[in-house]
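Mapped onto numbering that gives the first Met the number 0, the consecutive letters of the sequence shown carry residue numbers 0 to 174. Where a beta carbon is used, it is the ideal one built from N, C-alpha and C, also for glycine. Keep in mind the model is a prediction, meaning the values are calculated, not measured. Notes for the one structure printed next.
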Amino acid sequence: MIQEFTSILFATNLSEDCAQAYNLALSIATRYRAKIHILHVMDKPAEYTDNFLKGVLGEEKWNEIQQSHADAARSALIGKKPTNKLIQDTLNEFCLELGRECGIEYNHTPPQVLIREGEVVSEILNQARENACDVIIMAGKASRFGHSARIGHTIKEVLRQSKVPVLVVPPAENG
């Protein structure tokens, strides 16, 4: 039986390494008229880090520092715009630009952009399940030395735990 794709999860960290993977996701979605779910997960700091800093500084001071840094970063980077809106705009621009570069016109169901906070592997698997995805598409990382691609911990864990096929796409070679 030939695999039909109706729902694709494209997990991205917004790095340049994701460009070729997104092009492939667009191509598959166009071919099968599938819905694309574009997922970006913001990793939460480990609980033990929070607990350690609360213990050292006191919970009130730690919360005050966190809020101060969040406010300063928001003001410096995005003014009054909420963080999720900035990420949403960035993802939309990322997708449009890559589509233009590879000449793929994805003109049916617009991609659904999902921004989640939590443990990255769990969120990828949860979103694949919740959106009834037939495949998860992820990008390998460019090696710092040489031209080979490498697979990081996140991809290895998604491959190990996923109930649907996972397509890992090497980044395009520069030059």
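#### Entry: alpha helix (DSSP H) segment containing Asp42, residue limits
That residue, Asp42, is in no alpha helix (DSSP H); its beta strand (DSSP E) goes Lys34 to Asp42.
### Message
I'd like the list of long-range same chain contacts for Lys53, defined as Cβ closer than 6 Å, with 5 residues on each side in sequence excluded.
### Response
Trp61
#### Entry: Residues of its chain near Cys17, where Cβ-Cβ distance is below 6 Å and the 5 sequence neighbours each way are ignored
Thr11 and Ala138
#### Entry: For Arg115 and Arg73, the rounded distance between their alpha carbons
Unreliable positioning characterises Arg73 in this predicted model, as indicated by a pLDDT of 44, which lies under 50. The coordinate reading is nonetheless provided below. About 18 Å.
### Task
Leaving aside the five residues before and after Thr82 along the sequence, list all residues of the same chain whose C-beta is less than 6 Å from its C-beta, in chain order.
Its pLDDT being 47, under 50, Thr82 is placed unreliably by the model, and the measurement read from it follows with that caveat. Cβ within range, chain order: n/a, list empty.
### Query
Taking the continuous beta strand (DSSP E) assigned at Ile114, which residues delimit it?
Gln111 to Gly117
#### Entry: CA-to-CA distance, Ile37 to Phe4, given in whole angstroms
15 Å
### Query
Between Leu124 and Ser161, which are expected to be in contact by the criterion C-beta below 8 Å, what is the C-beta distance as a whole number of angstroms?
6 Å
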